[in-house]
Amino acid sequence: MASSSTSSNQKSYKYHVFLSFRGEDTRKTFVDHLYASLKQKGIHTFRDNEELEKGKQIGQLFKAIEESRILIIIFSQKYASSSWCLTEVRKIMECQDENEQIAYPLFYDVEPNDIRHQTGPVGRSIAKHKTNKQIKEWEKALEGAGNLVGWDLKNIANGHEAEAINQIVKEISLKLRSIHLSNDDNLIGMDRRMQDLELSLGIGLNDKARMIGIKGMGGIGKTTLARAIFDKASSHFEGSSFVEDVRELSKKKGGMEISKKEGLRSLQERILSGVLKDENMRVGSVHDGKELMRMRLPYKKVLLVLDDVDDAEQLEALAGDWFKDGSRIIITTRDEKVLLAHGVNVKWIHDVSLLSDEEAMSLLSRYAFKRYIPDEGYEELSSEVLRYAAGLPLTIKVLGSHLRGENEVVWRDALKRLETIPSRETLEVLEISFNSLEDDHKEMFLDVACFLKGFPKEYAIRTLDSCGFRATYGLRILEQKSLITIFNGRLGMHDKIEELGKNIVRRSHPHEPNKHSRLWIREEIEELFTDDLGTEASACIGLGLVLKELSPEIIIKRLGNMSKLKYLFLIGDGDDCFPGDWKFDQAKQYFPNSLQYLHWNGYPGLSLPQTFRPNNLVGLGLPGSRIVQLWENGERKVLKKLRFLDLRFSNLRTLDLGMTPNLEQVVLNGCQDLTEIHAPSGCLERLVYVNLVGCSWPVSFSLSKQLESLVLLSLHKLFVTVECLEEFPRDSTNNLPMLRLEFQYSKEQPSSTTGIHSKGVVLDIQPCTKLESVSGSFFGLQHLRDLTFHGCIPEVPNDLDQLKCLEQLTLYSTHIKCLPDSLCMLKNLNFLKLKDCQHLQELPENLDWLENLEELSLSSASIRRLPDSICMLIHLKSLQLESCRSLEKLPEDIGQLECLEELNLTECTSLGDIPNSICKMKCLRYFHLPFCSQVQKLPEEFGNLKLLEGLNIAFTGICHLPHSISSMDGLRILGSTSLTQSYAFATEIGTSEYGTLCYIQAELRSQSTKNYLKRSFADHKAT
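FYI, in full-length UniProt numbering the residues of the sequence shown are 1 to 1023.
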């Protein structure tokens, strides 16, 4: 195996701090107090009278300097009179220049200029050494040290020495923590995860005590993140405590099971002891603990971390309403519901992200090879390990540790083993979340892991509801416990959690698939069906593309005999599910009568089998099937329990809804052969969703007035676009909460939509390249809420004011040059979005009439100015003007938009000065100016924007930040090259209080500026 030498050259230091001072000036006064304060903070500090051995002084002195991370030179009036002190400062400056050590000057009763230029009492002291051969080296060392950033004691805390020492010790502690974090090999990828968390902490603010949540699946790094932020931030607080394993400690003590109350009482003692620095704190009961916290903690600003909380009762006992303003309580948990139940603000709940590919490779290499890249020859094997780990830090650490020092053969064998035997350490951590679930939610979790991962959420809900679950609530529970994700309407699940679920199903009888509750592995299904083993426990089977591998007769025979089967999912490959010469026999028993949910893509029958008794069937999905009608020869079998029917893109011709009296959802989109839907009166009392998208209209379908519960009727993308609306049963829409209509490829508009009275209509005009006109009669939809135009329309109708209920108007890539004044009469309009309307040259002057407007978007418009009336939109939260290249200026009074949260001026290349009034926007959080090359500066009072979180000035002409920006906490700046290449900027950063900034990101081309900034930022809190 290749060498596992580390690529890091980080040195291990014996001392945190070295103190250089003139004994007769400060030993028993200032230095003594500083040393005691450093020691109290746990900072290992060297000072000569404590550490030097008699007779070994100069050698040990130099060794102590070399073994100290931070070097503090305490300059006093007689410092330069000592050749020993001058020898120390020369050695310190050598270490500062050559090593990673940091030197700070501290000016005690002496002027910095006297040190730099050897004048005043310093000059008189060093004159005594004028005959010494080392005088030139000493003078150079003094000059260099005097130019470093440090502390001038008389300018700190108004000269109050005790307070000055507290501040100096705090800054040293912060610097040491920062060094520790940057050098900690186990904190790979932690920087980017900490940035958003630091913003939520709002360190330095004295607002109401704030609770911040860190949530995520087991093993993702919640504790590591919480520990990193605790180590970095705790020095800013008067007291701090990190309580690990709250879940375990509330149940166990010394490895023994204890009552919950005893566990909580013990945790209360830990918190009070840690925060109050009193090892003898004792609490009689949980109630007493709460009262003691309420009495003692309101007088101390604290940082408290409660790690791995899983019960709201824990938070009630440990984190009540007894904290002092400015305190911060960080809670890590797998269960978001615990945070919400305790009142944690959603905006302060943070999800921990998985590692990126680069971070994962670094972490694996750190554990497997003790370096940050794989050893030669192990690159491909490392990639395979990472594919298995799927970005989960816990799994990466476990596998890296196990494979350390092993040869390639062992690596490959271990990877093969993982294909069938998962990592035990990972599963044990993840299973904690599974064990906390109620029984029905455990079953739902297993169904998602085995079958439903990746499926649309609505489909999963229908499926699980059909099997007797309350899926909407259950999926929310799984999501809150970080076991599933829902993204873009689909269920997601991390690979390791999926592996956990499948392992739980199989582990009791790993080699007896007939005893498994769920079957999804192709080989096991084939074995089960081929050998006719029978099943003892199978309730769910998912047959993927295995139908081609098995004889249809075998499949049908075995399925019919599975008397316990509740869920059957068959998905083939279009019309090739079965051999073309196989004949579907309608009289055979194809399905067990126990089925509650049946899904068969490409079902080959023209109707359901005659022998099938679907008395338990709740969900039926036969998409893309040959089915023409539910039952053959007019047979009427009532499906009393059927709630979900999905026959989309089938050959369905007629549907009798009288046989489905409890139907809630019917999906028939793409059924082009559909001619009749029979709906007897009173049979659709529970129907809430009807989808007829793509059905050839008209369909004989009398909705009448029986659809009192209908929520959504979807009729968009009708193939006949004009005549369809004339045939639509308008009197049936009076009670519809939502009706969606979408028109495409039409040359003319429907003559009238009057009479459609849905409570919420969405009208979407797709790219109608042949559309010649749009007249006002088009807007007979009195309850229209959302109107969208795509593509080419010559102009917007003048009678927009008829749309009294319109809330959103969107125009995509239209050719309009102006908007009608009638637009300003829409009192309910919340969103006006004009996307890529390049011909738009002006806006109505009376925009202020849109009194409820919250978002105005004008991307790529050709406007040169905004009307002054825009400043009167008191509810406007978002103003998007990106790529408005002709825009020359903003209204002078734009600062009146006090509710504005985001102002986007990206690529407004003609824009000049930014009005001073912008500094009055009390709610502004994001200000984007990239590629505004004409903008040269920001207003001097820019620092008044206290809530600003993000400022993007990349590729602008800004080369100077106003000094007021130094008062802004947590601001993130994406800078410009002209800004960071400015030596003046570098000097400002080095000499002012820009340490309150969270970070500045920019391209640095000048090496000298890079070096200066590196030194400057090393001496301040910014990164």
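From the three backbone atoms N, C-alpha and C, an ideal C-beta is built for every residue, glycine too.
Inter-residue CB distance, residue i and residue j (contact presumed, cutoff 8 angstroms)
i: Gly489; j: Pro513; result: Contact flag wrong, Cβ pair sits at about 33 angstroms.
i: Ser362; j: Leu304; result: Actually they are not in contact, since the Cβ atoms of Ser362 and Leu304 sit about 31 angstroms apart, beyond 8 angstroms.
i: Ile914; j: Leu938; result: 6 angstroms
i: Gly624; j: Gly605; result: That pair is no contact at about 13 angstroms.
i: Lys835; j: Leu811; result: 7 angstroms
i: Leu866; j: Pro891; result: 6 angstroms
i: Thr654; j: Leu639; result: About 16 angstroms separates the two Cβ atoms, so there is no contact after all.
i: Asp495; j: Phe469; result: Contact flag wrong, Cβ pair sits at about 24 angstroms.
i: Glu67; j: Tyr13; result: 6 angstroms
i: Leu568; j: Leu598; result: 5 angstroms
i: Ser822; j: Asp786; result: With a Cβ gap of about 18 angstroms, Ser822 and Asp786 do not count as contacting.
DSSP-derived helix/strand/coil call for residue i
i: Ser365; result: helix
i: Val305; result: strand
i: Lys835; result: strand
i: Phe237; result: coil
i: Gly875; result: Looking at the sequence itself, residue 875 is His, so the reference to Gly does not match. Three-state result, His875: coil.
i: His287; result: helix
i: Tyr15; result: strand
i: Tyr79; result: helix
i: Pro393; result: helix
i: Arg404; result: coil
i: Cys671; result: coil
i: Phe359; result: Before going further, note that residue 359 is Glu rather than Phe in the sequence given. Helix, per DSSP.
i: Arg387; result: helix
i: Met659; result: helix
i: Ser20; result: strand
i: Ser68; result: strand
i: Met217; result: coil
i: Leu856; result: strand
i: Arg864; result: coil
i: Tyr567; result: strand
i: Thr224; result: helix
i: Glu379; result: helix
i: Asp325; result: coil
i: Ser422; result: First, the amino acid is wrong: residue 422 is Pro here, not Ser. Here Pro422 sits in coil by DSSP.
With 16 other Cβ atoms within 10 Å as the buried cut-off, status of residue i
i: residue 1028; result: Since the first residue of the chain shown is 1 and the last is 1023, residue 1028 is not available in this structure.
i: Asp207; result: exposed
i: Ser37; result: buried
i: Ala162; result: exposed
i: Leu229; result: In the sequence on display, residue 229 carries Ile and not Leu. Result: buried.
i: Val667; result: buried
i: Gly619; result: buried
i: Pro680; result: exposed
i: Asn944; result: buried
i: Tyr15; result: buried
i: Arg558; result: buried
i: Phe21; result: buried
i: Glu359; result: buried
i: Asp447; result: buried
i: Leu19; result: buried
i: Phe649; result: buried
i: Glu379; result: exposed
Contact with chain B by residue i, beta-carbon distance below 8 angstroms
i: Leu974; result: The structure shown contains no chain B, having only a single protein chain.
Legend entry - Validate contact between the stretch 421-440 and the stretch 555-566 using beta carbons, cut 8 angstroms, 3 pairs: Result no; under three Cβ-Cβ pairs closer than 8 angstroms.
Inset, instruction - Determine, using beta-carbon pairs with one atom in the stretch 213-226 and one in the stretch 399-411, whether at least three such pairs fall under 8 angstroms. - result: The stretch 213-226, when compared against the stretch 399-411, does not touch it at the 8 angstroms Cβ threshold.
Legend entry - Ordered list of beta strand (DSSP E) runs contained in the stretch 466-519, each at least 3 residues: Counting only runs of 3 or more, we get 485-487 and 490-492.
Legend entry - Ordered list of alpha helix (DSSP H) runs contained in the stretch 86-149, each at least 4 residues: Counting whole runs of 4 or more residues, the stretch 86-149 contains the alpha helix (DSSP H) stretches 112-117, 120-126 and 135-146.
Inset, instruction - Any chance you could list the beta strand (DSSP E) runs of at least 3 consecutive residues sitting entirely within the stretch 899-964, in chain order? - result: For the stretch 899-964, whole beta strand (DSSP E) runs of length 3 or above, ordered along the chain, are 902-904, 926-928 and 950-952.
Inset, instruction - Check whether the stretch 921-933 touches the stretch 902-912, taking contact to mean three or more Cβ pairs, one atom from each stretch, closer than 8 angstroms. - result: Yes, they touch.
Legend entry - Touching by the beta-carbon criterion (3+ pairs, under 8 angstroms), the stretch 873-887 and the stretch 850-858: Because the criterion of three Cβ pairs below 8 angstroms is met, the stretch 873-887 and the stretch 850-858 touch.
Legend entry - Contact the stretch 76-95 vs the stretch 106-124: 3+ CB pairs below 8 angstroms: Three or more Cβ pairs closer than 8 angstroms define a contact, and the stretch 76-95 meets that threshold against the stretch 106-124.
Legend entry - Cβ contact check for the stretch 276-289 and the stretch 405-420: 3 or more pairs under 8 angstroms: No contact exists between the stretch 276-289 and the stretch 405-420.
Legend entry - the stretch 470-477 touching the stretch 507-527, judged by at least three CB pairs closer than 8 angstroms: The stretch 470-477 is not in contact with the stretch 507-527.
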